[in-house]
Amino acid sequence: MTISVTARDTSEPSADQRWMGAPLPESRKNNAHTRYRLYTSEHFSDCAIKLESKTKKLHALILAQACPYFASFFFGTNAELARGQSPQELGLKETTDRTLDLSSEDESLVEKMLKYIYLFDDAEVFPARAPKDPYWIQGVLYFSLAVRFGVVQLKAEIHDRLLQATKTKWDFDALVKLATAVSLLDASAEAGGTALSSLVMNVVTSHSGKVKSLSDDQHQALLRVAPYTAPLILQHLQAKLKKLDVYAKYKCANNHCRKEFPFFAQFPGGSKPVCSFCGSKKQHIRLT
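Position one of the sequence shown corresponds to residue 273 (my numbering), numbered consecutively onward.
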């Protein structure tokens, strides 16, 4: 009887086997090669994730280890769900064929999260070079996704990369982009809003000197484009502003808005408060 032995393939993944064009780290190359093949093939799959344009067949155990929401759906466990919203609150749907419907989520971000779970590498999302505009927006959206789904390692890595990015490129425009990205998520209501606020404050604290030196016009611009996060950023100025008796918090009198907003009387345009959300100039309710 002749026994044939097939040599183990230890070759480096080819260019099309590299996640998003980024070479796999040297120390993880062999294991990552195997995990990449699991991710890109349907071998041994026992569950599926429905995205906006396709359905990916994946592996419930791998997903469950990284994410408590996947664990709850595929194995019925509530372990670690106390860290955030329940899957039902997230609006996720399960079917009898173990297919989780994430078609309402941003497909590109979900795929990045899934690839991270399989490959443990996020270098392409935040490259070492100074970030351009899309990285601020995508970074915050990606951070929010990691928070909502409870992928703790990914959340920590994105946080560190965003913080590092501000050290390589920091100016008022960068602050506006970061604050705007968070405000787009409506941090007051979005799941993970506290974590997003903490992220912004960590960034601002790292550059408190520059934040304090912003002009009144820049304060106004920040409030206009980032009404949810600007008050958090500008709290570094409150001690100074309160001494001048120019800072106050109002509730919008517009029945279709009714949101709380800060107002700084030294802004151009007079002392009458203007809602930074809807632009209303009605007789707003002063809270502080």
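Don't be surprised by glycine CBs; every beta carbon is placed ideally from N, CA and C.
All values reported here derive from a predicted model rather than from experimental measurement.
Separation of residue 323 and residue 555 (C-alpha to C-alpha, rounded to the nearest whole angstrom) is 47 Å. With fewer than 16 other beta carbons inside 10 angstroms of its own, residue 315 counts as exposed. C-alpha of residue 321 to C-alpha of residue 329: approximately 7 Å in a straight line.
In this structure, the CA atom of residue 553 is about 12 Å from the CA atom of residue 523.
Bounds of the alpha helix (DSSP H) holding residue 489 are 488-497. Under the DSSP assignment, residue 338 falls in the alpha helix (DSSP H) whose first and last residues are 332-338. For the 8 Å CB-CB criterion, residue 414 and residue 381 form a contact. Taking all protein chains shown into account, residue 422 has 16 or more neighbouring C-beta atoms within 10 Å of its C-beta and is therefore buried.
Residue 526 has its alpha-carbon roughly 11 Å from the corresponding atom of residue 546.
Between the C-alpha atoms of residue 521 and residue 531 there is a straight-line separation of about 11 Å. When rounded, the separation of the alpha-carbon atoms in residue 305 and residue 389 is 14 Å. In this structure, residue 370 places its C-beta atom within 8 Å of the C-beta atom of residue 346. By the CB criterion at 8 Å, residue 533 and residue 490 fall outside the cutoff. Taking 8 Å as the upper bound for CB-CB distance, residue 452 and residue 498 are in contact here, some 5 Å apart. For the options 550, 485 and 325, the alpha carbon positioned closest to that of residue 378 is the one of 325. If you draw a straight line from the Cα of residue 344 to the Cα of residue 549, it comes to about 38 Å. One thing to note: residue 391 has its Cβ no nearer than 8 Å to the Cβ of residue 309. A Cβ-Cβ separation of about 13 Å leaves residue 319 out of contact with residue 338 under the 8 Å criterion.
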